Amino acid sequence: MLGGSLSLAQPAPKVEKNISVKKGIGLGRFPDWLGASELKELKVAWFYNWQTTNSKFNTSVEFMPMLRAGKVGPTLGRGDFILGYNEPDHPKQDNISVKEGLANWSKVTAKGKFVVSPAMCKDPVNNDWLPDFMKAKPKVDAIAVHWYKGTNSKKFIDDMEAIHKAYNLPLWITEFACQTSESSKSDPKKFSQQEVNQFIAEVTRWMEKTPWVQRYAWHSSGEGTSCLYDDSGKSLSATGKTYAKEPK
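Numbering (the working numbering), first residue to last: 20 to 267.
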């Protein structure tokens, strides 16, 4: 076991009726016009933008701030939650050492009521970064996960169960999709719409009934069947409509 004790306690979410408290979205690559009404159209309870602040628009949908490479923004501690570094094991993302990450972590835990771990680019169990980070026993209330491995829902579930078993902490699956943005750009038709729809339905329903999966957020690519918006960029794609109506 890599660290942590199982605690499902988290601040009570504030959501509208008939919206899953677990379902969210990341807004980093969405078009400039997207705002509060589009968040409601997707029927999400929370969102984040890979930054410490939300200066884009006002919405009743809960915003989750993220610590980026040691930068603590002025509003980072105003909410109930803080997301840890984004892919510190990736040279084009936060790209910091475990030592650097731990040195700044007290700034996170001093402000956050519920702290989610750094999210790995690589497997969070079978790599050096997160296991070494967790050996120092930092305050971490949940493990962040990124997953882009196709449309096999059993593979997705098996991977989540392995991560949960390794850390004995709840999971926040803050990025998941059938393809990364890069893969979607080079091969947008790699997965059929039927395959993607079935994958979304199966894994969101599983996550919804699994108590140690506390939050999840689809990562929309710029094109292809992992994208939530159609070619016009102004309407939900078939994938977006499926994500909006699931889990049933």
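We put the beta carbon where it would ideally sit given N, CA and C, even for glycine. It should be emphasised that the depicted structure is a prediction, and the values quoted were computed from it without experimental measurement.
If you look at residue 234, you'll find it in the beta strand (DSSP E) that goes 232 to 237. Within the stretch 132 to 200, the complete alpha helix (DSSP H) segments at least 4 residues long are 148 to 154, 172 to 186, listed from N- to C-terminus. Proximity of the stretch 248 to 266 to the stretch 61 to 81 meets the contact definition, three or more beta-carbon pairs being nearer than 8 Å.
If you draw a straight line from the Cα of residue 77 to the Cα of residue 128, it is about 26 Å long.
Counting C-beta pairs with one atom in each stretch, the stretch 202 to 216 and the stretch 145 to 163 have fewer than three that are closer than 8 Å, which means they do not touch. Annotation for residue 165: 138, 194 place their beta carbon closer than 6 Å to its own, counting only its chain and skipping 5 residues before and after. Residue state for residue 42 is assigned as strand, using DSSP reduced to three classes.
Looking at the DSSP output, residue 65 bridges to 43, 81.
With respect to the 7 Å criterion, residue 103 and residue 56 are not classified as neighbours on the basis of their beta carbons. When secondary structure is reduced to three states using DSSP, residue 248 falls in the strand class. Note that the C-beta distance between residue 212 and residue 257 is below 7 Å. Per DSSP, the unbroken beta strand (DSSP E) holding residue 102 starts and ends at 100 to 102. With 16 or more other Cβ atoms from the protein chains shown falling within 10 Å of its own Cβ, residue 185 counts as buried. Going by DSSP, residue 228 is part of the alpha helix (DSSP H) stretching over 212 to 228. Collapsing the DSSP output to three states places residue 114 in coil. Minimum Cα-Cα distance from residue 173 among the listed residues 248, 223, 116, 82 corresponds to 223. Counted as a single uninterrupted DSSP element, the alpha helix (DSSP H) harbouring residue 259 occupies residues 257 to 264.
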